[in-house]
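Residue numbers (my numbering): 3 to 844.
First up is the structure itself, then whatever we jot down about it.
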Amino acid sequence: MTLTEDKQLFARAALESLRYRTLFGLLTILSFSVANAEPASTPHSLSFKRDVRPVLSNHCFACHGPDKMHREADVRLDVAGEVDLEEVLARIKSTDPDVVMPPPELNKPLKPAQVETLTRWIENGAPYEQHWAFVAPSTPELPSVDAAQAKDWADHPIDRFVLASLESQQLRPTNTADKQTLIRRLSLDLTGLPPSQQEIDAFLADTSDNAYELLVERLLNQSAYGEHLARFWLDLVRFADTNGLHHDHYREMTPYRDWVIRSFNDNLPLDDFIKFQIAGDLYADPTTDQQIASGFNRLHLIIDQGTALPEESFFRNVVDRVASVGTAFMGLTMQCAVCHDHKYDPITQKDFYQLSAFFNNLDGAPETGRRGTEDFKRGLQPPYLNLPTDEQAAALASIDAEIQAFDDTIAGITKRRDAAKAELEKMPEPAKDDSVASVISGVERMLTEKSIAALEQAIKTLNSSLETRKKSREALMLEIPGTLVMKERDEVRPTFIMVRGQYDQPGEEVTRNTPGFLPPLRSENTVPTRLDLAKWMTESTNPLTARVAVNRFWQQLFGVGLVKTSEDFGSQGESPSHPELLDFLTTQFVESGWNVKEMMRFIVTSKTYQQSSKASAELYTVDPANRLLARGSRFRLDAEVVRDQMLAVTGLLNRELYGKSVKPPQPSGIWETVAMPSSFPNTYIADDGDKVYRRSVYTFWKRAIPPPQMSIFDAPSRESCIARRERTNTPLQALLLMNESQNFEAAKHLAKSLLAASYPTNDERFVIAYETITCEKPSTQTLEQLKQGLDEFAAVYENDPESLGKMLAETDAKDPESRIELASWTMLVHSILNLDVTKTRE
Numbered sequence: 003m004t005l006t007e008d009k010q011l012f013a014r015a016a017l018e019s020l021r022y023r024t025l026f027g028l029l030t031i032l033s034f035s036v037a038n039a040e041p042a043s044t045p046h047s048l049s050f051k052r053d054v055r056p057v058l059s060n061h062c063f064a065c066h067g068p069d070k071m072h073r074e075a076d077v078r079l080d081v082a083g084e085v086d087l088e089e090v091l092a093r094i095k096s097t098d099p100d101v102v103m104p105p106p107e108l109n110k111p112l113k114p115a116q117v118e119t120l121t122r123w124i125e126n127g128a129p130y131e132q133h134w135a136f137v138a139p140s141t142p143e144l145p146s147v148d149a150a151q152a153k154d155w156a157d158h159p160i161d162r163f164v165l166a167s168l169e170s171q172q173l174r175p176t177n178t179a180d181k182q183t184l185i186r187r188l189s190l191d192l193t194g195l196p197p198s199q200q201e202i203d204a205f206l207a208d209t210s211d212n213a214y215e216l217l218v219e220r221l222l223n224q225s226a227y228g229e230h231l232a233r234f235w236l237d238l239v240r241f242a243d244t245n246g247l248h249h250d251h252y253r254e255m256t257p258y259r260d261w262v263i264r265s266f267n268d269n270l271p272l273d274d275f276i277k278f279q280i281a282g283d284l285y286a287d288p289t290t291d292q293q294i295a296s297g298f299n300r301l302h303l304i305i306d307q308g309t310a311l312p313e314e315s316f317f318r319n320v321v322d323r324v325a326s327v328g329t330a331f332m333g334l335t336m337q338c339a340v341c342h343d344h345k346y347d348p349i350t351q352k353d354f355y356q357l358s359a360f361f362n363n364l365d366g367a368p369e370t371g372r373r374g375t376e377d378f379k380r381g382l383q384p385p386y387l388n389l390p391t392d393e394q395a396a397a398l399a400s401i402d403a404e405i406q407a408f409d410d411t412i413a414g415i416t417k418r419r420d421a422a423k424a425e426l427e428k429m430p431e432p433a434k435d436d437s438v439a440s441v442i443s444g445v446e447r448m449l450t451e452k453s454i455a456a457l458e459q460a461i462k463t464l465n466s467s468l469e470t471r472k473k474s475r476e477a478l479m480l481e482i483p484g485t486l487v488m489k490e491r492d493e494v495r496p497t498f499i500m501v502r503g504q505y506d507q508p509g510e511e512v513t514r515n516t517p518g519f520l521p522p523l524r525s526e527n528t529v530p531t532r533l534d535l536a537k538w539m540t541e542s543t544n545p546l547t548a549r550v551a552v553n554r555f556w557q558q559l560f561g562v563g564l565v566k567t568s569e570d571f572g573s574q575g576e577s578p579s580h581p582e583l584l585d586f587l588t589t590q591f592v593e594s595g596w597n598v599k600e601m602m603r604f605i606v607t608s609k610t611y612q613q614s615s616k617a618s619a620e621l622y623t624v625d626p627a628n629r630l631l632a633r634g635s636r637f638r639l640d641a642e643v644v645r646d647q648m649l650a651v652t653g654l655l656n657r658e659l660y661g662k663s664v665k666p667p668q669p670s671g672i673w674e675t676v677a678m679p680s681s682f683p684n685t686y687i688a689d690d691g692d693k694v695y696r697r698s699v700y701t702f703w704k705r706a707i708p709p710p711q712m713s714i715f716d717a718p719s720r721e722s723c724i725a726r727r728e729r730t731n732t733p734l735q736a737l738l739l740m741n742e743s744q745n746f747e748a749a750k751h752l753a754k755s756l757l758a759a760s761y762p763t764n765d766e767r768f769v770i771a772y773e774t775i776t777c778e779k780p781s782t783q784t785l786e787q788l789k790q791g792l793d794e795f796a797a798v799y800e801n802d803p804e805s806l807g808k809m810l811a812e813t814d815a816k817d818p819e820s821r822i823e824l825a826s827w828t829m830l831v832h833s834i835l836n837l838d839v840t841k842t843r844e
C-alpha cells in the first residue's frame, strides 16, 4: 500500500466514523442535566432530569455539549432538535466499535442499566425537562402521608416531605434520639462546642414540653454560634493569613473574619451579607462594616512581585474573583469557561468575561508582594483600611503629634542653620594683621561657625529623637489591624475575551452582564455596577443563590446537603435527594427575609433532625449514605471541632472573641520545609500564654502549609473555594490524636482538676471524666475498662521513671506517688479523648 492509498483509506475511515457520530448527534435535548442522580424507584417513575439527563451529561456532553470549541461534528445534545429514535437505539445497543456510542476510545461505555433507561425514555416519546437548578423555585404543596404512620411527624413541613419519601420506599423513620445525644448533637451543630456538664444536667432536668426549643434558642444566641458558622464560610471564600503561591507572604485580613462572625451572631440577613461582600464599597457613604465586607474580593491568591508580569497577576486575580463568586453564591464552576465555553453547563466564554468585567476595575496597581514597605510588613496592599482601637488611635495621634513637632522644630532650626551658612559665605576673610577690624571679621566669623555647629548638633539630636518616635510608630502600626478592601477606579477599564484564556491575547471586547441562561440583569446605570450585580444575585427570581445557601445550611447540620455536590448545582452535580423539600426551604428562607437563624431553628426543630442515628443493619445496607433520611446523621467531627472540643471539655479553651490570628504549638521547622528564604515570615514562632488555647477559627492559616492539626483531619489549604470537605479515616489522624502535644497538655489539665476535687472514690472520677468528655454516662462495662486502664497505666509508670519524667514537669507534682497518679490519670483522660464516640457526632 502506497502512502497516498494509506491516506485515502484513513480519510474514508474518518468520514465513516464522522457519519456515525453525526447520526447519533440527531438526538438533541433542550436543557441541561445533573449527574449521579439516584435511579428510579419503580419502572413507572422514570424522570428525565433525574434519570436520563445525567447519562447524557456524563457520556455525551463532553463532545456534544455547550463548548463549541470542542464540539465534535458540530452536533449538540444540549439543545432541542429532531430525534431519530431508531438510530439512537441502534447506536447505544450496538456492539460494533465503529458504530456504538459513546465511542470506545472515550472509555466511558454505557452500562446495561443506563442503556435500559435511555431505551425506556425513547419508547415513552423522549420527553425532556429544563435543568432543575436553573428554574426559580416555587413553594410546593405539603405531600400527603399515611395518617397512622405519621403520628407526630405530620406537624412539621420538613417531616412531611421526608416521611412521604420514606413511605414511597416502604421505610419508616427512626425513633427520636435520647436527650443526652440531642444536647451534644445540637451544641456541636450550632456552636461547634460540646455542652458543659451543668448544661446537660439542666436539660435533662427540664421536663417541660418546650425544653428542646429553649435549648435551641439558647444555643442560637451564644457567641460561639457565629464563630462556628463563620468557619464554614471561611472555607468557602478561601480565607487565609498569607498570599499563597511561591513566597506566600503574610496578609492581614482578620477584620473580615471578625465581621463574618459578628454578622452571623447579629443575624444579618443573608441577602445583605452577600451584597456587602460583593459590593459593600459601592453603597452611598458605606459603613466601615460594608467596606470590610468588600474584602471578599481581595481574598484571592497573590503572585509575588517579580514572579509574573503585572498584567498576568492582574488577570489571574480577576479570574479568581469570578470563580469565587460562582462557587460561593451560585454553586457553579464558572472557572471552566475561562478558556472556552463550559463543557457541561450553559456558561459561555463570553458569559465569563462579561461577569469578569464587574471585577477588573480595582483601583490601584496590580496586587503583588512589595517587600520592604510598611504596608508589606503589615500584610497590607492598597486599597486597605486601618482599624485602630480607641486606645491605639489615641496613641497614634499622640506619636504623630510628637513627630510633627519634631519635624517643625527641625525645619525651623534647619532654616536658621542654612541662614547662618549663607551669612558666613558673605563674610569676607579676615586680614592677617591685628587691626581692630580684622579681630572683629574674625570674632563674628567664629561666632557664626559655632552657631552653625550648635544648630547642626541640635538637628542631629532632634533627628535621633525623631527616629525613636518613628520606630515607636512603626511598632504601634504593626499592632493596629488593617484589612484589604475593594475600591473602584474612576475610569472603567475595558474587558476583552481572552483567547484560550491567555492574559496577553485579547479578543472581542465585552461589557458587564450576567450569564444569558439566568434572569436578566437590571440596572439604572449606563454601566452596570457590582452593586447591581449584588442585587441581581439576591433577587427572588434568581434560581441559584438562595437554593445554594439553604443547601449548605442543611449540609452543616446533616453532614451532607440535600444536593450532595454543594459546590456544583450544574449539569455534573448531583440532583437533590428531596427536590420538593429543597424548594420549600428555599422559598421559606427568602420569604423570611433571608433569616439564617430562623432557617437553622426551623431545620433543627424537625423530627427528621432529631432522629437517633442508631438504626438497624438492614437500614444501613439499604441506604448507607442516609440520603433517604430514615435515621439521624452520624459523622466524624471536623478538624476544628475535634480540637475545640478537646480544649473545652478539659477546661483550657480561651473563649476570647475576635482579633488577629494566633499560632498554637506546631512541630519545629515546619514552615522552613516550604518557605523560601525571602518569605515573610518564614519561621513559625508559636504564641505563648492563653492565646494558644483560642478556638481554631482564629488559628493562623498559611496557605503553603496549613496547620497540620487541621489538614490531617481534611481541612482545606484555603487556596481555592471549598464548599464541602471530604471526610477520610487515616492512621495519621489516630497518630495525631495520640501524639499531639496540646492534647497531652489538655489531658493533664483535666486530670489535675479531677484529682484536686474531693471525690471520695475513683469511681466518681471515672464517671465525671467520661461524661465530661463524651456527654454520655459510662456503662458498667466501660467503668470496668476505665478502672483496668488506670491500673495498667500506674503499673507502667511505677516501672518506667524515664517515661514518667517525659510525661510530667518537675512542677506538676513532687512526691513519686502523686506523680504516678497524675501521669496515670493523664493517660486515662487522653485515652477517652481518643475514643471514637468522642470524635464522632452522633
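Backbone N, C-alpha and C fix where the C-beta goes; we use that ideal spot for every residue, glycine too.
Values in this document were obtained by computation on a predicted structure and should not be read as measured data.
8 Å Cβ shell around residue i - same chain, five flanking residues per side excluded
i, result
"E458", "R419"
"H751", "T652, G653, L654"
Start-to-end residues for the alpha helix (DSSP H) that takes in residue i
i, result
"V321", "312 to 327"
"Y700", "From DSSP, Y700 is part of no alpha helix (DSSP H); its letter is neither H nor E."
"T485", "It is not in any alpha helix (DSSP H) - T485 instead sits in the beta strand (DSSP E) that spans 484 to 486."
"E125", "114 to 125"
"F275", "272 to 281"
"E476", "443 to 481"
"L630", "Careful: L630 lies outside any alpha helix (DSSP H) and carries neither H nor E."
"Y214", "213 to 222"
"R187", "181 to 193"
"N684", "Run containing N684: none; DSSP gives neither H nor E here."
Per-residue burial, residue i [other beta carbons within 10 Å of its own, 16 or more giving buried]
i, result
"E229", "buried"
"D322", "buried"
"P762", "exposed"
"A421", "exposed"
"N801", "exposed"
"S663", "buried"
"G333", "buried"
"H61", "buried"
"R491", "exposed"
"L216", "exposed"
"N527", "exposed"
Pair within 8 Å by beta-carbon distance, residue i and residue j
i, j, result
"Y660", "I294", "no"
"F746", "T828", "yes"
"Q613", "P145", "no"
"K489", "D365", "yes"
"V552", "T607", "no"
"R532", "D250", "no"
"S59", "S573", "yes"
"C723", "L238", "yes"
Nearest-angstrom Cβ-Cβ length linking residue i and residue j, presumed shorter than 8 Å
i, j, result
"Q790", "P196", "Going by Cβ atoms, the distance from Q790 to P196 rounds to 26 Å, so no, they are not a contact pair."
"A455", "I415", "12 Å between Cβ atoms; not a contact."
"V487", "L387", "6 Å"
"I482", "P390", "5 Å"
"Q744", "P667", "6 Å"
"A281", "S296", "7 Å"
Close-in-space but distant-in-sequence residues of the same chain around residue i (CB under 6 Å, 5 per side omitted)
i, result
"P545", "F136, V137, A138"
"F768", "L785, L788"
"V592", "S542, A548"
"S594", "E600"
"S536", "It should be noted that the sequence gives Ala, not Ser, for residue 536. For A536, where only same-chain residues beyond five positions count, the Cβ hits under 6 Å are K277, I280, A281."
First through last residue of the beta strand (DSSP E) which encompasses residue i
i, result
"M712", "Note, M712: premise wrong, no beta strand (DSSP E); alpha helix (DSSP H) at 710 to 713."
"P508", "508 to 512"
"F498", "497 to 500"
"Y386", "386 to 388"
Own chain, CB closer than 7 Å to residue i, minus 5 neighbours either side, in chain order
i, result
"F205", "K181, I185, A213, L217"
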